[in-house]
Each structure stands twice: as C-alpha cells, then as structure tokens.
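S.K.: Sharing a structure below in structure tokens format, with a few things to ask.
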Amino acid sequence: MFKLKMILNIKSKMKFGVKSEIKSHCKSEDKSQNNLVINFINEEIGMTLKISYSGGNCPVQVEGTIDNVPFYFRARGEHWSMGIGSDPICTPDFYKYEKYGAGSFEAGWMEESVALEFVAQCIDEYLKKKESQLKKL
1 MFKLKMILNI
11 KSKMKFGVKS
21 EIKSHCKSED
31 KSQNNLVINF
41 INEEIGMTLK
51 ISYSGGNCPV
61 QVEGTIDNVP
71 FYFRARGEHW
81 SMGIGSDPIC
91 TPDFYKYEKY
101 GAGSFEAGWM
111 EESVALEFVA
121 QCIDEYLKKK
131 ESQLKKL
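Just so we're aligned, residue 1 is where the sequence shown starts under my numbering, counting upward by one.
Here it is as structure tokens:
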C-alpha cells in the first residue's frame, strides 16, 4: 500500500505545481477537461491504477480504474463509500461504506487528500480480497 499512497499523495500535490516527482511513476498524464489523469504501473504487484477524476464538494468524488476495473468513491453528508467492479455504483464486487466526521455535512467537505487516503485503503483491501480468492482456486 505504501507505493499506492505515495502516488496518491503526489497526485494531490500536483494541483500545487509539483509535476516532476510524478513523471517517474506515471506512464502518462492527460489534462483534458481540467481533470488530471494518472496512469500508475506497479511492476512489483502487477497493478495499474488510473485516477481520471478527483475533487469536488458535496459530494467529494474520485473515479478511475484498477487493472481496467472501474472504481467510484463518493463522500457526502455524514458518510463516504467506495465501490469497485464492472458497475461500481449499482453492483460492485467490492463495497465499503463508513461514517465520517461529527457533523451532518462533514463528509461532503472532506479534503481531497483524505479522500485519496480512503481510496488507497479500499484499493488495498480489494487487492487483498482478490489475492485471497485466487489462492482458494
């Protein structure tokens, strides 16, 4: 998970102009539609992560793919959730839903860096679950 956290942290810094750090970790970047696209290939575990959108308020959202499998993170009101699968919103293969903050609307105002930490946590759990399922075969 460390390398995944590192790429997500670098991604969040890019809004402040830190571009050179990410070049060695990314296959490409595309700034179409003012959304940064990150392609991250981790040869150690054979994973490709693409973040096509992150940001917003009420809801905070992060979208992308892990090995071409879509994921969708959303934080609004008092909760955040993340789904991973061919349809990550309606029928995800992996789903996590948690309460966030003490107030009624804190999740919708979550910092992007916090959202990316939750994304990294969910991707790590998803990959562990996937690996466990493959070992059972």
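Ideal Cβ placement from N, Cα and C applies to all residues, glycine included. Computed from a prediction, not measured in an experiment: that's the story for all the values here.
Excluding the 5 residues flanking THR91 on each side, which residues of the same chain have their C-beta closer than 7 Å to its C-beta?
M.R.: In the sequence shown, residue 91 corresponds to position 91, counting from 1. Contacts found: GLY85.
S.K.: Use the C-beta contact count for PHE94: other C-beta atoms within 10 angstroms, 16 or more gives buried, fewer gives exposed.
M.R.: Position 94 of the sequence shown, counted from the first residue, corresponds to residue 94. PHE94 is buried by the Cβ-count criterion.
S.K.: Is the beta carbon of ALA115 sitting closer than 7 Å to the one on GLU78?
M.R.: As a working note, residue 115 is residue 115 in the sequence shown. As a working note, residue 78 is residue 78 in the sequence shown. Against a cut-off of 7 Å, the Cβ pair of GLU78 and ALA115 comes out as no contact.
S.K.: Could you give the first and the last residue of the continuous alpha helix (DSSP H) run that contains GLU63?
M.R.: By 1-based counting over the sequence shown, the position of residue 63 is 63. Note, GLU63: premise wrong, no alpha helix (DSSP H); beta strand (DSSP E) at 60–66.
S.K.: Taking C-alpha atoms, which residue in GLU112, GLY56, GLY83 lies nearest to ASP124?
M.R.: The residue labelled residue 124 in the question sits at position 124 within the sequence shown. Cα-wise, what sits closest to ASP124 is GLY83.
S.K.: Tell me which same chain residues have a C-beta within less than 7 Å of the C-beta of ALA75, skipping the five on either side of it?
M.R.: Within the sequence shown, numbered from 1, the residue matching residue 75 stands at position 75. These residues qualify, in order along the chain: PRO59, VAL60, TYR100, ALA107, GLY108, MET110, ALA115.
S.K.: Assign SER54 to one of two classes, buried (16 or more other C-beta atoms within 10 Å of its C-beta) or exposed (fewer than that).
M.R.: Here residue 54 is taken as the residue at index 54 of the sequence shown, counted from 1. Label assigned to SER54: buried.
S.K.: Consult DSSP for PHE73 and reduce its assignment to one of helix, strand or coil.
M.R.: Here residue 73 refers to the residue found at position 73 of the sequence shown. Residue state, collapsed to three classes: strand.
S.K.: Out of curiosity, what's the CA-to-CA distance linking GLU131 and TRP80?
M.R.: Position 131 of the sequence shown, counting from 1, holds the residue named residue 131. Position 80 of the sequence shown, counting from 1, holds the residue named residue 80. Distance between the alpha carbons of GLU131 and TRP80: 25 Å.
S.K.: From LYS135 to GLY103, what does the alpha carbon distance come to, in whole angstroms?
M.R.: Counting from one through the sequence shown, the residue named residue 135 turns up at place 135. Counting from one through the sequence shown, the residue named residue 103 turns up at place 103. LYS135 and GLY103: Cα-Cα distance of roughly 42 Å.
S.K.: For LEU137, is the classification buried or exposed, using 16 other Cβ atoms within 10 angstroms of its Cβ as the cut-off for buried?
M.R.: Position 137 of the sequence shown holds residue 137. Exposed, because fewer than 16 other Cβ atoms sit within 10 Å of the Cβ of LEU137.
S.K.: With a threshold of 16 other CB atoms inside 10 Å of the CB of PHE118, please say whether the residue is buried or exposed.
M.R.: For the purposes of this step, residue 118 is identified with residue 118 of the sequence shown, where counting begins at 1. With 16 or more Cβ atoms within 10 Å of its Cβ, PHE118 is classed as buried.
S.K.: On the CB-based measure, 16 or more other CB atoms within 10 Å of its CB, does TYR72 come out buried or exposed?
M.R.: Looking up residue 72 in the sequence shown gives position 72. Under this definition TYR72 is a buried residue.
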